[in-house]
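Numbering (the working numbering), first residue to last: 34 to 386.
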(Lines of atoms letter the chains of each structure in order from A; the text may use other names.)
(Lines give C-alpha, C1' and ligand atoms only; values in the text may rest on other atoms or scores of the structure.)
Protein backbone atom coordinates (compact mmCIF):
# COMPACT_ATOMS: atom_id res chain seq x y z
CA UNK A 34 0.00 0.00 0.00
CA UNK A 35 1.33 3.50 -0.80
CA UNK A 36 2.08 5.73 2.17
CA UNK A 37 -0.50 8.37 2.86
CA UNK A 38 0.58 11.94 3.26
CA UNK A 39 0.43 13.09 6.85
CA UNK A 40 -2.42 15.60 6.88
CA UNK A 41 -5.37 16.17 9.16
CA UNK A 42 -7.28 12.96 9.46
CA UNK A 43 -4.78 10.87 7.49
CA UNK A 44 -3.69 8.80 10.47
CA UNK A 45 -7.33 7.89 11.11
CA UNK A 46 -7.81 7.15 7.44
CA UNK A 47 -4.74 4.92 7.30
CA UNK A 48 -5.91 3.03 10.38
CA UNK A 49 -9.33 2.49 8.84
CA UNK A 50 -7.84 1.18 5.59
CA UNK A 51 -5.36 -1.07 7.38
CA UNK A 52 -8.19 -2.53 9.45
CA UNK A 53 -10.26 -3.14 6.34
CA UNK A 54 -7.43 -4.90 4.57
CA UNK A 55 -6.76 -7.11 7.58
CA UNK A 56 -10.44 -8.02 7.71
CA UNK A 57 -10.59 -8.73 3.99
CA UNK A 58 -7.51 -10.94 4.10
CA UNK A 59 -8.86 -12.80 7.12
CA UNK A 60 -12.18 -13.34 5.40
CA UNK A 61 -11.07 -14.31 1.97
CA UNK A 62 -7.67 -16.07 1.91
CA UNK A 63 -6.65 -13.58 -0.75
CA UNK A 64 -4.09 -10.88 -1.31
CA UNK A 65 -5.48 -7.36 -1.38
CA UNK A 66 -3.66 -4.13 -2.19
CA UNK A 67 -5.28 -0.74 -1.81
CA UNK A 68 -4.37 2.78 -2.86
CA UNK A 69 -6.13 5.63 -1.12
CA UNK A 70 -6.43 8.84 -3.08
CA UNK A 71 -6.16 11.93 -0.84
CA UNK A 72 -6.99 15.41 -2.02
CA UNK A 73 -5.44 18.58 -0.67
CA UNK A 74 -6.66 19.78 2.69
CA UNK A 75 -7.92 16.54 4.16
CA UNK A 76 -10.81 17.29 6.53
CA UNK A 77 -13.01 15.44 8.94
CA UNK A 78 -15.49 15.03 6.06
CA UNK A 79 -12.69 13.40 4.08
CA UNK A 80 -12.04 10.98 6.92
CA UNK A 81 -15.72 10.02 6.99
CA UNK A 82 -15.72 9.61 3.20
CA UNK A 83 -12.74 7.27 3.51
CA UNK A 84 -14.55 5.43 6.29
CA UNK A 85 -17.47 4.95 3.91
CA UNK A 86 -15.11 3.58 1.23
CA UNK A 87 -13.52 1.35 3.85
CA UNK A 88 -16.94 0.00 4.85
CA UNK A 89 -17.77 -0.61 1.20
CA UNK A 90 -14.58 -2.56 0.58
CA UNK A 91 -15.19 -4.72 3.66
CA UNK A 92 -18.80 -5.45 2.69
CA UNK A 93 -18.13 -6.12 -0.98
CA UNK A 94 -15.24 -8.50 -0.52
CA UNK A 95 -17.03 -10.35 2.25
CA UNK A 96 -19.81 -10.97 -0.27
CA UNK A 97 -17.38 -11.94 -3.03
CA UNK A 98 -14.98 -14.10 -1.08
CA UNK A 99 -16.74 -15.44 1.97
CA UNK A 100 -20.29 -15.83 0.71
CA UNK A 101 -19.19 -16.35 -2.92
CA UNK A 102 -22.29 -14.66 -4.31
CA UNK A 103 -22.70 -15.48 -8.02
CA UNK A 104 -23.42 -12.08 -9.60
CA UNK A 105 -22.73 -8.39 -9.01
CA UNK A 106 -26.42 -7.89 -8.32
CA UNK A 107 -26.15 -10.29 -5.38
CA UNK A 108 -23.44 -8.12 -3.79
CA UNK A 109 -25.86 -5.27 -3.03
CA UNK A 110 -28.17 -2.68 -4.61
CA UNK A 111 -26.94 -2.57 -8.19
CA UNK A 112 -27.50 -0.49 -11.32
CA UNK A 113 -25.39 -0.75 -14.46
CA UNK A 114 -22.93 -3.02 -12.69
CA UNK A 115 -22.30 -0.44 -9.91
CA UNK A 116 -23.16 -1.40 -6.33
CA UNK A 117 -24.17 1.52 -4.07
CA UNK A 118 -25.17 1.74 -0.44
CA UNK A 119 -25.73 4.30 2.34
CA UNK A 120 -24.02 3.54 5.64
CA UNK A 121 -24.76 4.54 9.22
CA UNK A 122 -23.44 8.01 9.95
CA UNK A 123 -24.62 9.56 6.71
CA UNK A 124 -21.86 8.48 4.36
CA UNK A 125 -22.33 6.34 1.28
CA UNK A 126 -20.23 4.41 -1.18
CA UNK A 127 -20.33 3.07 -4.73
CA UNK A 128 -18.31 0.20 -6.17
CA UNK A 129 -17.24 -0.31 -9.78
CA UNK A 130 -15.88 -3.72 -10.80
CA UNK A 131 -13.25 -4.50 -13.45
CA UNK A 132 -12.19 -7.70 -15.22
CA UNK A 133 -8.65 -8.94 -15.95
CA UNK A 134 -8.38 -6.71 -19.05
CA UNK A 135 -9.29 -3.61 -17.02
CA UNK A 136 -12.73 -3.23 -18.60
CA UNK A 137 -15.54 -2.24 -16.27
CA UNK A 138 -18.28 -4.82 -15.76
CA UNK A 139 -21.52 -3.07 -16.70
CA UNK A 140 -24.22 -5.66 -16.01
CA UNK A 141 -25.58 -6.57 -12.60
CA UNK A 142 -25.95 -10.09 -13.98
CA UNK A 143 -22.18 -10.35 -14.62
CA UNK A 144 -20.51 -13.22 -12.77
CA UNK A 145 -18.36 -12.34 -9.77
CA UNK A 146 -15.73 -14.80 -11.06
CA UNK A 147 -14.84 -12.13 -13.63
CA UNK A 148 -13.84 -9.58 -10.98
CA UNK A 149 -10.14 -8.79 -10.69
CA UNK A 150 -10.25 -5.28 -9.22
CA UNK A 151 -12.68 -2.73 -7.87
CA UNK A 152 -12.85 1.00 -7.28
CA UNK A 153 -14.66 1.81 -4.03
CA UNK A 154 -15.65 5.48 -3.73
CA UNK A 155 -16.83 6.97 -0.44
CA UNK A 156 -18.98 10.09 -0.16
CA UNK A 157 -19.72 12.42 2.76
CA UNK A 158 -20.88 16.00 2.35
CA UNK A 159 -18.74 17.46 -0.42
CA UNK A 160 -15.88 15.03 0.23
CA UNK A 161 -15.25 12.23 -2.26
CA UNK A 162 -12.51 9.69 -1.58
CA UNK A 163 -11.66 6.45 -3.39
CA UNK A 164 -9.86 3.18 -2.77
CA UNK A 165 -8.58 1.19 -5.74
CA UNK A 166 -8.49 -2.48 -4.77
CA UNK A 167 -6.65 -5.18 -6.70
CA UNK A 168 -7.55 -8.64 -5.53
CA UNK A 169 -6.61 -12.16 -6.46
CA UNK A 170 -9.99 -13.86 -6.41
CA UNK A 171 -8.37 -17.15 -5.57
CA UNK A 172 -5.48 -18.56 -3.58
CA UNK A 173 -3.28 -21.36 -4.80
CA UNK A 174 -3.89 -24.73 -3.17
CA UNK A 175 -0.32 -25.99 -3.03
CA UNK A 176 -0.07 -28.16 0.09
CA UNK A 177 0.32 -31.80 -0.98
CA UNK A 178 0.56 -30.99 -4.69
CA UNK A 179 2.37 -34.01 -6.15
CA UNK A 180 2.02 -33.14 -9.84
CA UNK A 181 0.73 -30.17 -11.80
CA UNK A 182 0.51 -29.92 -15.58
CA UNK A 183 -0.74 -26.40 -16.50
CA UNK A 184 -0.36 -27.10 -20.26
CA UNK A 185 1.07 -23.62 -20.85
CA UNK A 186 4.00 -24.63 -23.06
CA UNK A 187 2.10 -23.73 -26.21
CA UNK A 188 4.23 -25.87 -28.54
CA UNK A 189 6.13 -29.15 -28.69
CA UNK A 190 5.31 -32.56 -27.28
CA UNK A 191 6.54 -32.25 -23.69
CA UNK A 192 4.30 -31.09 -20.85
CA UNK A 193 6.07 -29.85 -17.74
CA UNK A 194 5.20 -30.80 -14.20
CA UNK A 195 5.44 -27.52 -12.27
CA UNK A 196 4.53 -28.84 -8.81
CA UNK A 197 7.99 -28.24 -7.36
CA UNK A 198 11.74 -28.60 -7.74
CA UNK A 199 11.72 -32.08 -6.23
CA UNK A 200 9.17 -33.33 -8.75
CA UNK A 201 9.94 -34.27 -12.33
CA UNK A 202 6.80 -35.91 -13.68
CA UNK A 203 6.98 -34.45 -17.16
CA UNK A 204 4.69 -36.06 -19.71
CA UNK A 205 4.92 -36.86 -23.41
CA UNK A 206 2.15 -35.34 -25.53
CA UNK A 207 1.28 -37.59 -28.46
CA UNK A 208 -0.63 -35.51 -31.06
CA UNK A 209 -2.94 -33.21 -29.04
CA UNK A 210 -3.20 -29.66 -30.38
CA UNK A 211 -2.24 -26.56 -28.42
CA UNK A 212 -4.87 -23.86 -28.06
CA UNK A 213 -4.91 -20.41 -26.48
CA UNK A 214 -8.60 -20.88 -25.61
CA UNK A 215 -7.56 -21.97 -22.12
CA UNK A 216 -9.52 -21.88 -18.89
CA UNK A 217 -6.37 -21.27 -16.82
CA UNK A 218 -3.05 -19.81 -17.88
CA UNK A 219 -2.08 -19.21 -21.50
CA UNK A 220 -2.76 -22.54 -23.22
CA UNK A 221 -4.69 -25.81 -23.05
CA UNK A 222 -4.68 -29.03 -25.08
CA UNK A 223 -7.29 -30.23 -27.58
CA UNK A 224 -7.76 -34.02 -27.90
CA UNK A 225 -9.34 -35.57 -31.01
CA UNK A 226 -10.64 -38.77 -29.39
CA UNK A 227 -8.62 -40.97 -31.74
CA UNK A 228 -4.95 -41.15 -30.82
CA UNK A 229 -4.24 -37.96 -28.85
CA UNK A 230 -2.91 -38.58 -25.36
CA UNK A 231 -0.34 -37.66 -22.72
CA UNK A 232 1.74 -40.39 -21.11
CA UNK A 233 3.54 -40.08 -17.77
CA UNK A 234 5.70 -42.91 -16.48
CA UNK A 235 4.74 -44.65 -13.25
CA UNK A 236 5.84 -42.58 -10.26
CA UNK A 237 5.57 -43.30 -6.56
CA UNK A 238 4.09 -39.83 -5.99
CA UNK A 239 0.83 -40.92 -7.58
CA UNK A 240 1.04 -44.72 -7.48
CA UNK A 241 -1.65 -44.72 -4.81
CA UNK A 242 -2.62 -47.78 -2.79
CA UNK A 243 -5.86 -48.53 -0.98
CA UNK A 244 -4.54 -46.82 2.17
CA UNK A 245 -3.60 -43.54 0.47
CA UNK A 246 -5.65 -40.37 0.36
CA UNK A 247 -5.52 -38.25 -2.79
CA UNK A 248 -7.35 -35.69 -4.92
CA UNK A 249 -7.43 -35.09 -8.68
CA UNK A 250 -8.38 -31.74 -10.19
CA UNK A 251 -8.69 -30.66 -13.82
CA UNK A 252 -10.66 -28.53 -16.26
CA UNK A 253 -12.53 -30.25 -19.08
CA UNK A 254 -14.49 -28.98 -22.06
CA UNK A 255 -16.21 -31.88 -23.87
CA UNK A 256 -16.72 -31.66 -27.62
CA UNK A 257 -19.38 -34.40 -27.46
CA UNK A 258 -21.68 -35.81 -24.79
CA UNK A 259 -22.23 -39.26 -26.28
CA UNK A 260 -20.32 -42.43 -25.48
CA UNK A 261 -17.57 -42.73 -22.86
CA UNK A 262 -14.56 -40.39 -23.08
CA UNK A 263 -11.61 -40.77 -20.71
CA UNK A 264 -10.07 -37.76 -18.99
CA UNK A 265 -7.35 -39.59 -17.09
CA UNK A 266 -6.47 -43.12 -16.03
CA UNK A 267 -3.73 -45.05 -14.27
CA UNK A 268 -2.94 -48.74 -14.00
CA UNK A 269 -6.30 -49.75 -15.47
CA UNK A 270 -4.54 -51.91 -18.06
CA UNK A 271 -2.31 -53.85 -15.63
CA UNK A 272 -3.98 -53.87 -12.20
CA UNK A 273 -6.80 -52.30 -10.17
CA UNK A 274 -6.33 -48.60 -10.81
CA UNK A 275 -8.32 -45.43 -11.18
CA UNK A 276 -9.95 -43.48 -14.00
CA UNK A 277 -12.00 -40.36 -14.51
CA UNK A 278 -14.21 -39.99 -17.57
CA UNK A 279 -17.41 -38.65 -19.09
CA UNK A 280 -20.20 -41.19 -19.48
CA UNK A 281 -22.75 -39.70 -21.86
CA UNK A 282 -23.92 -36.50 -20.24
CA UNK A 283 -22.71 -37.53 -16.77
CA UNK A 284 -19.30 -37.78 -15.10
CA UNK A 285 -17.94 -41.07 -13.77
CA UNK A 286 -14.97 -42.22 -11.71
CA UNK A 287 -13.52 -45.69 -11.07
CA UNK A 288 -11.42 -46.35 -7.98
CA UNK A 289 -10.11 -49.89 -7.69
CA UNK A 290 -13.05 -51.40 -9.55
CA UNK A 291 -15.78 -49.44 -7.79
CA UNK A 292 -17.45 -46.65 -9.73
CA UNK A 293 -19.52 -43.56 -8.95
CA UNK A 294 -21.22 -41.14 -11.31
CA UNK A 295 -23.17 -37.91 -11.20
CA UNK A 296 -23.45 -34.36 -12.41
CA UNK A 297 -24.17 -33.35 -15.97
CA UNK A 298 -22.19 -32.30 -19.03
CA UNK A 299 -23.02 -30.30 -22.12
CA UNK A 300 -20.83 -29.94 -25.19
CA UNK A 301 -18.54 -26.92 -25.48
CA UNK A 302 -18.84 -25.92 -21.81
CA UNK A 303 -16.01 -25.82 -19.28
CA UNK A 304 -16.28 -27.93 -16.11
CA UNK A 305 -14.06 -28.22 -13.08
CA UNK A 306 -13.86 -31.93 -12.25
CA UNK A 307 -12.34 -33.20 -9.02
CA UNK A 308 -12.12 -36.67 -7.50
CA UNK A 309 -11.24 -37.09 -3.82
CA UNK A 310 -10.38 -40.22 -1.86
CA UNK A 311 -10.51 -39.83 1.91
CA UNK A 312 -10.00 -43.08 3.78
CA UNK A 313 -12.29 -45.62 2.13
CA UNK A 314 -14.68 -42.96 0.87
CA UNK A 315 -14.57 -41.27 -2.52
CA UNK A 316 -16.41 -38.20 -3.78
CA UNK A 317 -16.82 -36.75 -7.25
CA UNK A 318 -17.12 -32.96 -7.63
CA UNK A 319 -18.36 -30.95 -10.60
CA UNK A 320 -17.85 -27.18 -10.48
CA UNK A 321 -17.07 -27.32 -6.78
CA UNK A 322 -20.15 -29.33 -5.79
CA UNK A 323 -20.17 -32.97 -4.65
CA UNK A 324 -22.33 -34.90 -7.13
CA UNK A 325 -21.59 -38.51 -6.12
CA UNK A 326 -20.06 -40.46 -3.24
CA UNK A 327 -19.08 -44.08 -2.72
CA UNK A 328 -16.33 -46.36 -1.50
CA UNK A 329 -12.97 -47.19 -3.02
CA UNK A 330 -11.96 -50.66 -4.09
CA UNK A 331 -8.47 -52.13 -3.91
CA UNK A 332 -5.76 -50.15 -5.68
CA UNK A 333 -2.40 -51.19 -7.12
CA UNK A 334 -0.83 -48.22 -8.86
CA UNK A 335 1.93 -49.94 -10.85
CA UNK A 336 0.97 -48.78 -14.35
CA UNK A 337 1.49 -45.63 -16.39
CA UNK A 338 -0.56 -42.48 -15.97
CA UNK A 339 -2.52 -41.29 -19.02
CA UNK A 340 -4.33 -38.05 -19.77
CA UNK A 341 -6.92 -38.30 -22.52
CA UNK A 342 -6.47 -42.04 -23.16
CA UNK A 343 -8.74 -44.90 -22.19
CA UNK A 344 -6.22 -47.73 -21.93
CA UNK A 345 -7.70 -50.49 -19.79
CA UNK A 346 -10.87 -48.62 -18.78
CA UNK A 347 -13.82 -50.97 -18.41
CA UNK A 348 -16.55 -50.73 -19.59
CA UNK A 349 -14.73 -49.88 -22.79
CA UNK A 350 -14.29 -46.13 -23.11
CA UNK A 351 -12.88 -43.96 -25.84
CA UNK A 352 -10.18 -41.34 -25.75
CA UNK A 353 -11.11 -37.80 -24.77
CA UNK A 354 -12.83 -35.57 -27.32
CA UNK A 355 -12.47 -31.94 -26.34
CA UNK A 356 -10.15 -29.70 -24.32
CA UNK A 357 -8.31 -30.40 -21.05
CA UNK A 358 -6.49 -27.82 -18.93
CA UNK A 359 -4.60 -27.56 -15.64
CA UNK A 360 -4.37 -31.16 -14.40
CA UNK A 361 -3.37 -31.57 -10.73
CA UNK A 362 -2.71 -34.51 -8.40
CA UNK A 363 -2.61 -34.04 -4.62
CA UNK A 364 -1.33 -36.65 -2.18
CA UNK A 365 -4.02 -35.78 0.35
CA UNK A 366 -7.76 -35.35 0.54
CA UNK A 367 -8.57 -31.71 -0.13
CA UNK A 368 -11.34 -30.10 1.89
CA UNK A 369 -14.62 -29.04 0.30
CA UNK A 370 -13.48 -25.42 0.59
CA UNK A 371 -10.17 -26.13 -1.16
CA UNK A 372 -11.93 -27.86 -4.05
CA UNK A 373 -14.28 -24.90 -4.33
CA UNK A 374 -11.26 -22.57 -4.31
CA UNK A 375 -9.77 -24.45 -7.27
CA UNK A 376 -13.05 -24.11 -9.14
CA UNK A 377 -13.18 -20.37 -8.47
CA UNK A 378 -9.96 -19.97 -10.41
CA UNK A 379 -12.06 -20.09 -13.58
CA UNK A 380 -12.10 -16.94 -15.68
CA UNK A 381 -14.98 -17.71 -18.04
CA UNK A 382 -17.71 -16.26 -15.85
CA UNK A 383 -19.03 -19.71 -14.95
CA UNK A 384 -20.55 -20.60 -11.60
CA UNK A 385 -18.90 -22.58 -8.81
CA UNK A 386 -20.67 -23.98 -5.79
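A virtual CB, placed ideally from N, CA and C, is assigned to each residue, including glycine.
Asked                                                                                                                                                               : Found
Where do the ends of the alpha helix (DSSP H) carrying residue 83 lie?                                                                                              : 77-94
Given this structure, state the Cα-to-Cα distance separating residue 320 from residue 307, to the nearest angstrom.                                                 : 8 Å
I'd like the list of long-range same chain contacts for residue 140, defined as Cβ closer than 7 Å, with 5 residues on each side in sequence excluded.              : 114
Measuring alpha carbon to alpha carbon, tell me which of 358, 342, 359 and 357 ends up nearest residue 351.                                                         : 342
Have a look at the DSSP bridge pairing and note the partners of residue 378.                                                                                        : None, per the DSSP bridge assignment.
Please state whether DSSP places residue 106 in a helix, a strand or coil.                                                                                          : helix
Rounded to the nearest angstrom, what separates residue 133 and residue 126 at their Cα positions?                                                                  : 23 Å
Mapping DSSP to helix, strand and coil, what is residue 410?                                                                                                        : What is shown of the chain runs 34 to 386, which leaves residue 410 out entirely.
If we ignore side chains and look at the alpha-carbon of each, how far apart do residue 383 and residue 77 end up?                                                  : 43 Å
For residue 274 and residue 303, what's the separation of their Cα atoms in angstroms?                                                                              : 26 Å
Can you give me the Cβ contacts of residue 365 inside the same chain, cut-off strictly under 6 Å, excluding the 5 residues immediately before and after it?         : 177 and 246
Going by alpha carbons, who is nearest to residue 205 out of 349, 239 and 339?                                                                                      : 339
Just confirm the distance between the C-beta atoms of residue 251 and residue 360, as a whole number of angstroms; I'd bet it's less than 8 Å.                      : 4 Å
Please classify residue 99 as buried or exposed, where buried requires at least 16 other C-beta atoms within 10 Å of its C-beta.                                    : exposed
Please classify residue 129 as buried or exposed, where buried requires at least 16 other C-beta atoms within 10 Å of its C-beta.                                   : buried
Ordered along the chain, which non-local residues of its own chain (more than five positions away) have a Cβ less than 7 Å from that of residue 82?                 : 124, 155, 156, 157, 160, 161 and 162
Would you say the stretch 185-192 touches the stretch 216-224, given that touching needs at least three Cβ pairs under 8 Å?                                         : yes
Report back the beta-carbon spacing between residue 181 and residue 236 to the nearest angstrom; my notes put them in contact at under 8 Å.                         : The pair is not a contact, with the Cβ atoms about 13 Å apart (cut-off 8 Å).
Can the beta-carbon of residue 357 be found closer than 7 Å to that of residue 315?                                                                                 : no
What's the gap between the Cα of residue 388 and the Cα of residue 91?                                                                                              : Nothing in the structure corresponds to residue 388, since the chain is present only between 34 and 386.
What is the DSSP secondary structure of residue 262, counted as helix, strand or coil?                                                                              : strand
Just list the beta strand (DSSP E) runs in the stretch 314-379, keeping only unbroken ones of 3 residues or longer that don't cross its boundaries, in chain order. : 314-319, 322-328, 338-340 and 354-363
Give a single yes or no on whether residue 378 has its beta carbon closer than 6 Å to a heavy atom of the ligand ADP.                                               : Ligands are entirely absent from the displayed structure, and the ligand ADP is therefore not among its contents.
What three-state label does DSSP hand residue 232 in the structure shown?                                                                                           : strand
How is residue 101 classed by DSSP in three states: helix, strand or coil?                                                                                          : coil
Please report the residue range of the beta strand (DSSP E) in which residue 285 lies.                                                                              : 283-288
Going along the chain, which residues of its own chain have a beta-carbon closer than 8 Å to the beta-carbon of residue 292, five neighbours each way excluded?     : 285, 286 and 327
What did DSSP end up calling residue 138 once you bin it into helix, strand or coil?                                                                                : coil
Less than 7 Å between the C-beta atoms of residue 195 and residue 142, yes or no?                                                                                   : no
Given a cut-off of 7 Å on the beta-carbon distance, is the pair residue 345 and residue 269 in contact?                                                             : yes
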